[in-house]
Amino acid sequence: MRQNPMILKVDNLRTWFETTAGKAKAVDGVSFDLEKGRTLAVVGESGCGKTVLATTIMRLFRRPGVSHPSGQVLYNNLNLLDLSPIEMEAIRGRHIAMIFQEPMAALNPVWTVRDQIAEPMIRHLKASKDSAYRRALELLEELGVPSPDRVMTTWPHTLSGGMRQRVAIAMALACKPDILIADEPTTALDVTVQAQILRLIREMQKSLGMATILITHDLGVVNEVADDVMVMYSGRVIEKGLTKDVLFSPKHPYTEKLLAAVPVISGDRKLLASIEGQVKPATAFVDGCRFADRCGDAGPRCHESTAPDLYSSGTQQVACFKYDSKNPLKTTAQKKSVEHVSAKKKLPAIGKPILDLKQLKTWFPVQAGIFRSVVGHVKAVDDISLKIYPGQTLALVGESGCGKSTLGQTILRLIDATSGEAILSTDAELTDILKTDRAHLRTLRKEMQIIFQDPFASLNPRFSVREIIDEGLKIHAPSLGPDEREKRIGDTLEEVGLPRDTMYRYPHEFSGGQRQRIAIARAIILKPKLLILDEATSALDVSIQAQVLNLLQELQQKLGLAYIFITHNLGVVRYIADHVAVMYLGKIVEFGAADDILHKPSHPYTQKLIASVPEIKIGAELPEPLEGDVPSPVKPPSGCTFHPRCPLMKSKDSRGENVASCSAQAPDLRPSSGDSALVRCHFA
Numbered sequence: 158m159r160q161n162p163m164i165l166k167v168d169n170l171r172t173w174f175e176t177t178a179g180k181a182k183a184v185d186g187v188s189f190d191l192e193k194g195r196t197l198a199v200v201g202e203s204g205c206g207k208t209v210l211a212t213t214i215m216r217l218f219r220r221p222g223v224s225h226p227s228g229q230v231l232y233n234n235l236n237l238l239d240l241s242p243i244e245m246e247a248i249r250g251r252h253i254a255m256i257f258q259e260p261m262a263a264l265n266p267v268w269t270v271r272d273q274i275a276e277p278m279i280r281h282l283k284a285s286k287d288s289a290y291r292r293a294l295e296l297l298e299e300l301g302v303p304s305p306d307r308v309m310t311t312w313p314h315t316l317s318g319g320m321r322q323r324v325a326i327a328m329a330l331a332c333k334p335d336i337l338i339a340d341e342p343t344t345a346l347d348v349t350v351q352a353q354i355l356r357l358i359r360e361m362q363k364s365l366g367m368a369t370i371l372i373t374h375d376l377g378v379v380n381e382v383a384d385d386v387m388v389m390y391s392g393r394v395i396e397k398g399l400t401k402d403v404l405f406s407p408k409h410p411y412t413e414k415l416l417a418a419v420p421v422i423s424g425d426r427k428l429l430a431s432i433e434g435q436v437k438p439a440t441a442f443v444d445g446c447r448f449a450d451r452c453g454d455a456g457p458r459c460h461e462s463t464a465p466d467l468y469s470s471g472t473q474q475v476a477c478f479k480y481d482s483k484n485p486l487k488t489t490a491q492k493k494s495v496e497h498v499s500a501k502k503k504l505p506a507i508g509k510p511i512l513d514l515k516q517l518k519t520w521f522p523v524q525a526g527i528f529r530s531v532v533g534h535v536k537a538v539d540d541i542s543l544k545i546y547p548g549q550t551l552a553l554v555g556e557s558g559c560g561k562s563t564l565g566q567t568i569l570r571l572i573d574a575t576s577g578e579a580i581l582s583t584d585a586e587l588t589d590i591l592k593t594d595r596a597h598l599r600t601l602r603k604e605m606q607i608i609f610q611d612p613f614a615s616l617n618p619r620f621s622v623r624e625i626i627d628e629g630l631k632i633h634a635p636s637l638g639p640d641e642r643e644k645r646i647g648d649t650l651e652e653v654g655l656p657r658d659t660m661y662r663y664p665h666e667f668s669g670g671q672r673q674r675i676a677i678a679r680a681i682i683l684k685p686k687l688l689i690l691d692e693a694t695s696a697l698d699v700s701i702q703a704q705v706l707n708l709l710q711e712l713q714q715k716l717g718l719a720y721i722f723i724t725h726n727l728g729v730v731r732y733i734a735d736h737v738a739v740m741y742l743g744k745i746v747e748f749g750a751a752d753d754i755l756h757k758p759s760h761p762y763t764q765k766l767i768a769s770v771p772e773i774k775i776g777a778e779l780p781e782p783l784e785g786d787v788p789s790p791v792k793p794p795s796g797c798t799f800h801p802r803c804p805l806m807k808s809k810d811s812r813g814e815n816v817a818s819c820s821a822q823a824p825d826l827r828p829s830s831g832d833s834a835l836v837r838c839h840f841a
């Protein structure tokens with residue numbers, strides 16, 4: 158029963174594109190109602206039509222060949238599809254606003270923050286510049302932006318990702334819209350910044366009475382934010398209902414598999430239940446159930462020409478023949494849609510380490526004045542000592558700007574270290590990577606490889622898959638002939654779950670998960686000892702992420718690889734890591750076994766990181782976010798660099814306890830009284 162007035166009604170909407178490969182049915186018969194003051198989450202894998210749906214509502218398609226064979230988008234009973242471009246401009250930004258996934262791409266790089274936030278108010282509300290600037294400042298203050306006066310006059314490129322997203326939110330909310338569409342607004346953000354942004358959106362929604370459409374693949378976020386959920390697959394809605402019903406009592410096999418693919422901090426360490434196969438291209442959609450070829454419950458009827466309708470099942474609607482009351486689907490074997498398999502046993506840290514880091518420092522000079530004199534240093538990596546053993550995974554976690562990626566690139570000599578040692582153990586010798594000459598370093602490259610966050614950006618679009626993977630063999634195995642190299646490339650592709658004949662295709666012909674498999678194949682074909690993965694799964698759907706993580710586990714067990722896994726996803730850490738090093742402003746603030754760190758953290762920063770992770774559990778609510786942003790590494794705080802944001806110090810100070818040491822003296826990394834091995838805190 159509807160509790161709030163309906164503000165948006167989408168009825169049988171279709172958005173099709175004319176392409177060289179045929180008609181792409183990106184959105185194919187979608188219907189839903191959106192009530193005032195409620196949040197609807199739209200979930201599903203990449204290629205399911207979520208963003209096309211949002212872009213259609215906003216009428217942002219201006220390319221030829223776009224058509225809407227059927228459907229209506231009714232905003233207050235006004236069909237947006239019938240409006241002229243000029244009429245739609247009066248709606249867009251004023252009544253319906255959108256936050257995009259990448260804030261930097263949505264912000265004008267040559268406009269100051271003040272002008273960007275003021276522009277929609279000047280355009281739609283006919284506000285004067287002075288009043289628009291005052292309101293822009295108020296919005297930044299309401300969104301918790303520190304030093305809003307300074308931020309107002311800066312340019313987007315000078316701000317952090319979280320700050321840029323706040324600016325994008327301020328732009329979207331400037332005209333107090335009735336509907337806010339948020340397309341993956343927190344995907345690339347740290348968990349602490351994500352918690353801040355989600356809480357800000359929720360608070361602004363309540364104060365303005367907005368309706369929100371949230372597009373995301375993070376089901377933990379859905380659980381904590383959304384009132385209703387709509388699951389999309391291949392351009393269609395396959396399940397929708399209240400959040401508590403869809404997440405905790407899913408009906409459709411696809412929804413079950415999506416939920417089972419989510420790595421969680423709690424529970425047993427298990428291989429994730431990945432979904433085999435992938436979403437078909439929008440030009441190749443079948444007429445029957447589009448999930449049938451990936452569904453363990455599919456029967457002959459599922460492959461027929463008639464697609465299942467949305468059948469009612471309790472409070473949910475499900476597009477599956479199992480819920481057809483007149484003719485329910487009967488499968489020959491009632492197999493479970495989801496099966497977990499126990500993960501591999503972790504190897505103990507025995508023998509000599511693959512990599513031994515000793516007091517590693519990477520400092521960047523800060524120059525000033527007309528003579529560019531060095532006036533200080535950015536201590537991106539500051540006195541790091543770690544050991545990584547064969548067959549084990551060390552996870553590096555922390556907020557953006559804490560030095561994780563710099564540490565990984567320093568180990569590979571992509572960035573020069575200031576001091577310290579990085580001893581690499583090979584079959585022949587022990588070598589200090591930081592001090593060896595360039596010729597010897599070139600021979601060591603095959604022992605250590607890196608996989609980057611964005612597989613498409615790291616693959617040469619002009620090279621075939623064969624040429625991409627063959628590059629390393631040409632350099633490090635010149636004695637191999639063309640036929641032998643081709644055989645090894647085919648074997649490696651099969652090892653990462655790709656057919657041999659894919660070597661003749663190009664990167665743009667693959668999905669994100671497949672491209673990441675190609676990047677993994679390029680890295681492991683040289684049989685390295687050490688693999689550094691820099692946010693290698695953060696941009697992937699949960700289903701593709703599960704496939705890649707399971708693959709990494711299998712390869713580690715088979716080849717004895719050592720991983721340094723850089724990530725901000727602590728659910729992934731629980732799944733893949735043996736040990737965890739938590740970094741903050743260039744230093745390790747806590748180190749220990751993964752289970753100990755995640756279940757019994759000692760450092761208040763680690764505790765806040767873990768508390769900020771959205772989980773799929775009954776009663777979960779948005780956590781209290783960690784206050785403030787990471788301080789500037791140019792002028793870090795005195796004493797403990799975390800003390801300006803530390804909730805433990807503030808609680809002790811409020812009770813009258815002496816916390817002077819926090820701001821006066823930097824703590825050492827010392828054994829903890831808890832289960833963690835080492836912690837850098839005066840009071841932990």
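Sequence positions in the sequence shown follow our numbering and run 158 to 841.
Glycine included, C-beta positions come from ideal geometry on N, C-alpha and C.
Quantities reported herein were computed from a predicted structural model and do not represent experimental measurements.
Neighbour-count burial assignment, residue i, 16 or more Cβ in a 10 Å radius
i: ILE248; result: buried
i: ALA821; result: exposed
i: ASP658; result: exposed
i: ILE754; result: buried
i: GLN524; result: exposed
i: HIS314; result: exposed
i: THR208; result: buried
i: PRO828; result: exposed
Cut-off 6 angstroms between Cβ atoms - residues of its own chain near residue i, not counting five sequence neighbours on either side
i: HIS252; result: PRO334 and ASP335
i: PHE448; result: TYR390 and TYR411
i: SER241; result: none
i: LYS492; result: Only weak support exists for where LYS492 lies, its pLDDT of 43 falling under 50; the coordinates are left without a value.
Residue i versus the options, residue with shortest Cα-Cα distance
i: GLY717; options: ALA738, GLN704 and LYS686; result: LYS686
i: ALA585; options: THR600, LYS592, LEU571 and SER576; result: THR600
i: VAL394; options: GLY201, ARG672 and LEU512; result: GLY201
i: THR729; options: LYS561, LEU330, ILE626 and LEU553; result: First, the amino acid is wrong: residue 729 is Val here, not Thr. Nearest option by C-alpha distance: LEU553.
i: PRO226; options: SER188, ASN169, THR196 and LEU237; result: ASN169
i: LEU512; options: ASP239, ILE682, ALA751 and LEU591; result: LEU591
i: LEU399; options: VAL475, GLN566 and ASP691; result: VAL475
i: GLY445; options: GLU298, PHE478 and SER700; result: PHE478
i: LYS414; options: PHE442, ASP454 and LEU297; result: ASP454
i: LYS644; options: ARG623, ASP825 and CYS838; result: ARG623
i: GLU192; options: LYS166, LEU357, VAL308 and HIS725; result: LYS166
i: LEU727; options: GLU692, ILE243, VAL184 and VAL791; result: GLU692
i: THR463; options: VAL443, ASN707 and TYR480; result: VAL443
i: ALA678; options: ILE632, GLU652, GLU666 and ARG812; result: GLU652
i: THR694; options: ASN233, ARG731, ILE723 and ASP287; result: ILE723
i: PRO780; options: VAL787, LYS774 and ALA768; result: ALA768
i: PRO221; options: SER811, ASN234 and THR176; result: THR176
i: ASP384; options: THR373, ARG837 and LYS401; result: LYS401
i: CYS819; options: GLY194, CYS803 and GLU747; result: CYS803
i: LEU264; options: TRP312, MET740, ILE432 and HIS374; result: TRP312
Beta-carbon proximity check, residue i vs residue j, cutoff 8 angstroms
i: LEU551; j: ILE721; result: yes
i: GLU772; j: GLY179; result: no
i: LYS515; j: GLY577; result: yes
i: GLY749; j: PRO790; result: no
i: ALA751; j: HIS736; result: yes
i: ILE354; j: THR369; result: no
i: LYS509; j: SER582; result: yes
i: ASP698; j: SER285; result: no
Endpoints, the beta strand (DSSP E) within which residue i is located
i: GLY533; result: 530-545
i: ALA331; result: Note, ALA331: premise wrong, no beta strand (DSSP E); not H, not E.
i: ASP466; result: Counting along the chain, ASP466 falls outside any beta strand (DSSP E), and DSSP gives it neither H nor E.
Span of the alpha helix (DSSP H), counted from its first residue to its last, around residue i
i: GLY728; result: 727-733
i: HIS314; result: Premise fails: HIS314 is in no alpha helix (DSSP H) and is neither H nor E.
i: GLN516; result: Premise fails: GLN516 lies in the beta strand (DSSP E), 512-525, not in any alpha helix (DSSP H).
i: GLY565; result: 561-568
i: THR649; result: 639-652
Chain-order list of residues whose beta-carbon lies under 7 angstroms from that of residue i (same chain, five-residue window excluded)
i: ALA329; result: ALA254, MET255, ILE256 and LEU337
i: LEU300; result: ARG323, ILE326, ALA327 and LEU357
i: PHE613; result: PRO664 and ARG672
i: MET245; result: ARG216 and LEU237
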